[in-house]
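First comes the structure, then the notes that go with it.
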Amino acid sequence: MAMTVSSLTSSVSSLSFSSQVSQKPNCLSFAPSKSVKIATSHGTRVPPLVISATSLATTELETGNLEKYVKARLPGGFAAQTIFGTGRRKTAIARVVLQEGTGKFIINYRDAKEYLQGNPLWLQYIKVPLATLGYDTSYDVFVKAHGGGLSGQAQAISLGIARALLKVSESHRTPLRDEGLLTRDARIVERKKPGLKKARKAPQYSKR
Numbered sequence: 025m026a027m028t029v030s031s032l033t034s035s036v037s038s039l040s041f042s043s044q045v046s047q048k049p050n051c052l053s054f055a056p057s058k059s060v061k062i063a064t065s066h067g068t069r070v071p072p073l074v075i076s077a078t079s080l081a082t083t084e085l086e087t088g089n090l091e092k093y094v095k096a097r098l099p100g101g102f103a104a105q106t107i108f109g110t111g112r113r114k115t116a117i118a119r120v121v122l123q124e125g126t127g128k129f130i131i132n133y134r135d136a137k138e139y140l141q142g143n144p145l146w147l148q149y150i151k152v153p154l155a156t157l158g159y160d161t162s163y164d165v166f167v168k169a170h171g172g173g174l175s176g177q178a179q180a181i182s183l184g185i186a187r188a189l190l191k192v193s194e195s196h197r198t199p200l201r202d203e204g205l206l207t208r209d210a211r212i213v214e215r216k217k218p219g220l221k222k223a224r225k226a227p228q229y230s231k232r
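Residue numbers for the sequence shown follow the numbering used here, so the first one is 25 and each next one is one higher.
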């Protein structure tokens, strides 16, 4: 396919771009003001040129902002705070800090709804201790959780919040105890035994 140099030069010189920021966050796109038509020896046309550039994802930026926000709210880290509680469930461990606020939940520098994947049961676990005492919008909750799965972490956070509320006032013990929020659930997965397929499941018996 041969292309005349004069037609290519004239087409490129007449090329103009209009920069427009798209409605999508962190996305910058460039679109030509009119389609570029480059004639070839066979009469075919080259499709219009479109250039697009995308920056960092919104979630990464939000995570970075939340991390700065948490560090600003908790000078000295989690261990330096006064209203502090540790919760455990299965193999999950959650360190919880309460501060007076508007009811925000931040887990591992992410919004609680995003971190717990919007699961209504897991979100209910972490809200019950504050709701029991009528503190739904009185405290901000900051959590560092690791180990286990999201279900175990949510229940560990619930226990951590309940224990932290005891630091606020000892009078909270009775209503929290009545709801069973101060009881550490000690159930864990039973270990596998030698010669068995799982903890108790045995291989099929064969008489001969």
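From the three backbone atoms N, C-alpha and C, an ideal C-beta is built for every residue, glycine too.
Check: Helix, strand or coil for Ser40? Go by DSSP, reduced to three states.; Outcome: Because Ser40 carries a pLDDT of 48, less than 50, the predicted location of this residue cannot be relied on, and the following value inherits that uncertainty. Coil.
Check: Do Val213 and Val165 come within 8 Å of each other at the CB atom, strictly closer than that value?; Outcome: no
Check: Quick check on the burial criterion: 16 or more other C-beta atoms within 10 angstroms. Buried or exposed for Val45?; Outcome: Caution applies to Val45, whose pLDDT of 43 falls short of 50 and renders its modelled position unreliable; the value that the coordinates give is listed next. With fewer than 16 other Cβ atoms within 10 Å, it is exposed.
Check: By the three-class DSSP mapping on this structure, what secondary structure does Tyr229 have?; Outcome: coil
Check: Look at the alpha carbon of Ser195 and the alpha carbon of Leu157, and state the distance between them as a whole number of angstroms.; Outcome: 11 Å
Check: Need the endpoints of the beta strand (DSSP E) that Gly111 sits in, please.; Outcome: 108 to 113
Check: Looking only at C-alpha atoms, which of Gly125, Lys216, Leu140 sits nearest to Lys225?; Outcome: Lys216
Check: Tyr139: buried (16+ other C-beta within 10 angstroms of its C-beta) or exposed?; Outcome: buried
Check: Can you list, in chain order, the residues of its chain with a C-beta nearer than 6 Å to that of Ile185? Leave out the 5 residues immediately preceding and following it.; Outcome: Val120, Pro153
Check: Short of 6 Å in beta carbon distance, which residues of its chain neighbour Leu205, apart from the five on each side in sequence? Order them along the chain.; Outcome: Pro153, Ala186
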